[in-house]
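Report on one structure; see the data block that follows.
2 protein chains.
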Amino acid sequence: MESFGPAQLVLTASIARRYYVDGRSKVEIADEFRLSRFKVARLLDQARSSGLVRIEISHPGAIDLELSVQLQEALGLRRAIVVDTPEVDEPALRTQLGKAAADLLSEIVTAEDVLGLAWARAVTAMTEQLTTLAPVPVVQLTGALTRPDVEANSVELVRHTARLSGGPAYLFYAPLVVPDAATARALRQQPEVAEAISHFDSVSKAVVGLGSWAAGQSTLYDAMDEKACEQLEKRGVVADISGVFVDADGEPVQSRVTDRVIAINAEQMDKIDEVIAIPYGLAKVAAVRAAVRSGLVNGIVTHAPLAKALLNETN
Amino acid sequence: MESFGPAQLVLTASIARRYYVDGRSKVEIADEFRLSRFKVARLLDQARSSGLVRIEISHPGAIDLELSVQLQEALGLRRAIVVDTPEVDEPALRTQLGKAAADLLSEIVTAEDVLGLAWARAVTAMTEQLTTLAPVPVVQLTGALTRPDVEANSVELVRHTARLSGGPAYLFYAPLVVPDAATARALRQQPEVAEAISHFDSVSKAVVGLGSWAAGQSTLYDAMDEKACEQLEKRGVVADISGVFVDADGEPVQSRVTDRVIAINAEQMDKIDEVIAIPYGLAKVAAVRAAVRSGLVNGIVTHAPLAKALLNETN
DNA sequence: AGCCTCCCCGCTCATATGAGCACCATCGGA
DNA sequence: TCCGATGGTGCTCATATGAGCGGGGAGGCT
Chain D
6 MESFGPAQLV LTASIARRYY VDGRSKVEIA DEFRLSRFKV ARLLDQARSS
56 GLVRIEISHP GAIDLELSVQ LQEALGLRRA IVVDTPEVDE PALRTQLGKA
106 AADLLSEIVT AEDVLGLAWA RAVTAMTEQL TTLAPVPVVQ LTGALTRPDV
156 EANSVELVRH TARLSGGPAY LFYAPLVVPD AATARALRQQ PEVAEAISHF
206 DSVSKAVVGL GSWAAGQSTL YDAMDEKACE QLEKRGVVAD ISGVFVDADG
256 EPVQSRVTDR VIAINAEQMD KIDEVIAIPY GLAKVAAVRA AVRSGLVNGI
306 VTHAPLAKAL LNETN
Chain C
6 MESFGPAQLV LTASIARRYY VDGRSKVEIA DEFRLSRFKV ARLLDQARSS
56 GLVRIEISHP GAIDLELSVQ LQEALGLRRA IVVDTPEVDE PALRTQLGKA
106 AADLLSEIVT AEDVLGLAWA RAVTAMTEQL TTLAPVPVVQ LTGALTRPDV
156 EANSVELVRH TARLSGGPAY LFYAPLVVPD AATARALRQQ PEVAEAISHF
206 DSVSKAVVGL GSWAAGQSTL YDAMDEKACE QLEKRGVVAD ISGVFVDADG
256 EPVQSRVTDR VIAINAEQMD KIDEVIAIPY GLAKVAAVRA AVRSGLVNGI
306 VTHAPLAKAL LNETN
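Residue numbers (this note's numbering), protein chains in the order written: chain D, 6 to 320; chain C, 6 to 320.
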């Protein structure tokens with residue numbers, strides 16, 4: 006069965022060519038070669054199972070489709086886009102991912118959607134690459150974190166996107182995290198904040214940030230007091246999804262710290278149909294896995310090395 | 006039409022994977038992805054036409070299937086085997102081609118066949134590589150040419166093959182070319198020669214030599230007197246197929262020289278169902294083309310460079 | 001030889017598939 | 001505003017295809 010003569014081999018190749026390349030039907034091929042269509046079918050089966058015909062899925066672009074599909078299926082994601090880019094410096098990488106995410110967003114957002122945007126550098130990178138967007142309401146999902154290295158803040162991000170889209174913007178000026186729960190409560194009652202929050206339930210698609218709960222791996226971590234960080238770490242927090250903390254099992258972690266965050270909460274995020282994150286860097290493997298396990302994040306735009314790491318470690 | 010969003014792209018890739026790699030049906034895929042089967046079909050069409058799925062035919066062996074099929078179709082051959090071997094020295098090449106031809110012969114010769122063998126170095130190389138053969142009569146098609154560089158002659162070649170096969174051998178001792186027609190006539194009436202010739206009509210498969218009509222490109226040319234060579238050349242002879250001379254259009258050339266050759270003639274060869282030649286070397290391009298055009302030769306075992314040359318020059 | 005087993009072949013019939021068509025939404029121009 | 005063009009969708013129906021079956025030939029064993 007495993008060894009064929011050369012005539013058989015060439016015949017099979019010939020038929021495979023006719024079938025796959027020329028796209029003729031098996032009946033036609035059978036007539037041409039004076040074989041029964043069953044024989045043709047068997048030869049084609051044989052050709053495939055013996056590896057004589059190899060089918061590759063690829064395309065001339067930045068997206069590694071093979072990896073994308075694998076990642077999507079392995080993690081059970083609604084969407085996965087893997088950008089095939091050599092490991093360049095972080096800003097360039099963010100731009101690349103931002104472009105891919107922007108393309109994705111333009112494509113999947115329709116006029117019926119309500120778009121939610123959280124604060125994250127990757128999300129900023131995305132909005133910078135965004136050129137067209139259906140006219141939809143854009144809702145700010147988190148308070149702003151002002152960092153010296155980022156000029157745009159959460160507010161600008163939302164405003165810019167809404168302007169591009171032509172839809173209304175629901176935005177507010179407030180920090181992402183405040184020193185105590187009472188302040189947070191007060192802020193949440195501010196009219197603009199309250200209005201934005203009131204729209205959380207109608208958000209149908211969102212782009213969020215995704216941080217690994219460690220120094221330098223989450224802007225929120227870096228912005229928070231050490232005590233709070235440690236407390237959350239002790240509770241098993243592995244990832245923060247734009248202010249929603251989850252542990253390695255994907256369970257949202259409640260804590261006093263949670264109350265100090267001005268952002269969408271786990272329950273609200275869970276109701277959003279599509280939540281897309283744009284993680285990069287191998288340090289985020291565990292965070293991504295946790296976020297996906299939580300079910301909160303169901304779409305990912307990332308780069309090849311992280312995608313491969315996610316696939317490899319998937320036990 | 007030519008630009009898709011990444012989501013579309015990944016969806017298409019996903020479907021292509023399911024269809025081509027996993028082998029699921031379009032209906033199943035449609036159910037899985039909540040699409041109509043028509044949509045799935047259209048996406049798959051799109052994927053193929055846009056080059057997203059690429060189908061390659063290859064295999065881990067010495068035979069270049071792609072080239073073989075192309076050659077077969079371009080020249081309208083019954084069989085074409087192209088051995089993919091780096092341009093090595095001639096004897097090694099002959100061995101390689103001999104092996105391929107031997108495999109081919111073992112495969113296609115059945116007990117109902119009658120095998121004809123002409124004299125040629127390549128045919129000798131083939132018989133040396135032959136290990137199994139259905140029990141068939143083996144008929145010597147040409148007289149022998151004794152050359153200092155070849156130990157086996159036409160007779161040995163036939164005897165060896167017949168022994169391997171287990172069938173009867175029809176062989177004779179006579180030179181391939183004699184000084185005059187009268188001698189040839191006399192030789193043809195010798196009992197063994199006459200008997201072999203009487204079997205020419207029943208030969209169903211034959212392996213022949215193929216020479217380009219020029220010095221060093223045909224053992225027959227080299228063995229003949231200069232005058233005869235020139236005369237044939239003047240008549241437009243481009244190739245000799247084991248003693249049958251053909252011009253560039255593939256027309257057999259009759260001449261007084263023809264009568265001096267002890268070998269199968271054009272008419273008899275034309276009746277043979279499969280006639281296989283084993284040409285090699287780029288100098289033989291024109292000869293191969295003539296031989297194929299004549300319709301006398303309908304199977305070829307060769308190497309990649311010659312195959313490519315034949316394909317390129319095919320206007 | 002006689003028997004058995006395996007394998008190869010081509011059949012039937014249910015199902016999958018493709019070609020062509022009609023419908024509908026969208027969009028640009030009169 | 002209306003109209004025609006356009007493209008995308010899913011239908012029908014004829015055709016292609018796959019699963020499973022039985023016949024028969026080749027080869028091995030007793």
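Just so you know, even glycine gets a beta-carbon here, dropped at the ideal spot from N, CA and C.
Model, not experiment: these values are computed from the prediction.
Nearest neighbour of residue i, chosen from the options [CA to CA]
i                     : options                    : result
residue 211 (chain D) : D:306, D:36, D:50, D:27    : D:306
residue 313 (chain C) : C:294, C:298, C:192        : C:294
residue 282 (chain D) : D:102, D:90, D:42, D:33    : D:102
residue 107 (chain C) : C:27, C:95, C:128, C:98    : C:128
residue 67 (chain D)  : D:243, D:100, D:49         : D:100
residue 176 (chain C) : C:182, C:187, C:197        : C:197
residue 12 (chain C)  : D:249, D:241, D:113, D:238 : D:113
residue 267 (chain D) : D:285, D:126, D:315, D:178 : D:178
residue 334 (chain C) : C:202, C:109, C:171, C:19  : Residue coverage of chain C in this structure runs from 6 to 320, which leaves residue 334 (chain C) outside it and unanswerable.
residue 311 (chain C) : C:292, C:291, C:304, C:286 : C:286
Minimum Cβ-Cβ distance from residue i to chain D less than 8 angstroms
i                     : result
residue 7 (chain C)   : Confidence at residue 7 (chain C) is low in this model, with a pLDDT of 44, below 50, so the placement of that residue should be treated as unreliable; the coordinate-derived value is given next. Not one chain D Cβ lies under 8 angstroms of residue 7 (chain C).
residue 25 (chain C)  : yes
residue 293 (chain C) : no
residue 302 (chain C) : no
residue 63 (chain C)  : yes
residue 236 (chain C) : no
residue 13 (chain C)  : yes
Close beta carbons around residue i, own chain, < 7 angstroms, minus the five adjacent residues each side
i                     : result
residue 168 (chain C) : none
residue 254 (chain D) : 298
residue 58 (chain D)  : 21, 25, 52
residue 29 (chain C)  : 23
residue 6 (chain D)   : At residue 6 (chain D), the pLDDT of 39 sits below 50, so the modelled position is not reliable and the matter cannot be decided from this model.
residue 116 (chain C) : 139, 140, 141
Chain C within 8 angstroms of residue i, Cβ atoms only
i                     : result
residue 127 (chain D) : no
residue 85 (chain D)  : yes
residue 108 (chain D) : yes
residue 186 (chain D) : no
residue 60 (chain D)  : yes
residue 281 (chain D) : no
residue 209 (chain D) : no
residue 68 (chain D)  : yes
residue 113 (chain D) : yes
residue 394 (chain D) : Absent from the structure is residue 394 (chain D), since the part of chain D shown begins at 6 and ends at 320.
residue 73 (chain D)  : yes
6 angstroms CB neighbourhood of residue i in its chain, flanking five on each side removed
i                     : result
residue 233 (chain D) : 262
residue 277 (chain D) : 208, 211
residue 77 (chain D)  : 85
residue 42 (chain C)  : 31, 32, 35
residue 118 (chain C) : 141, 209, 210
residue 123 (chain D) : 146, 147, 213, 214, 247
residue 296 (chain C) : 215, 244, 246, 302
residue 93 (chain C)  : none
residue 125 (chain C) : 214
Neighbourhood of residue i by C-beta, 8 angstroms cutoff - its chain only, sequence neighbours within 5 removed
i                     : result
residue 309 (chain D) : 69, 72, 87, 88, 89, 90
residue 226 (chain D) : 216, 218, 219, 220, 234, 245
residue 206 (chain C) : 273, 276
residue 265 (chain C) : 182, 183, 184, 185, 186, 188, 189, 233
Residue i Cβ short of 7 angstroms to the ligand SAM heavy atom set
i                     : result
residue 257 (chain C) : Of ligands this structure carries none, so the ligand SAM is not represented either.
Residues bridged to residue i (per DSSP)
i                     : result
residue 279 (chain C) : C:210
residue 175 (chain C) : C:144
residue 27 (chain D)  : Answer by DSSP bridge pairing: none, since residue 27 (chain D) is not bridged.
residue 149 (chain C) : C:180
residue 113 (chain D) : Paired residues: none, contrary to the question.
residue 268 (chain D) : D:147
Limits of the unbroken beta strand (DSSP E) element including residue i
i                     : result
residue 61 (chain D)  : 58-62
residue 249 (chain D) : 249-252
residue 307 (chain C) : 304-308
residue 84 (chain D)  : 84-88
residue 121 (chain D) : 120-122
residue 243 (chain D) : 242-246
Limits of the alpha helix (DSSP H) - the one that residue i falls within
i                     : result
residue 217 (chain D) : From DSSP, residue 217 (chain D) is part of no alpha helix (DSSP H) but of the beta strand (DSSP E) over 215-217.
residue 337 (chain D) : What is shown of chain D runs 6 to 320, which leaves residue 337 (chain D) out entirely.
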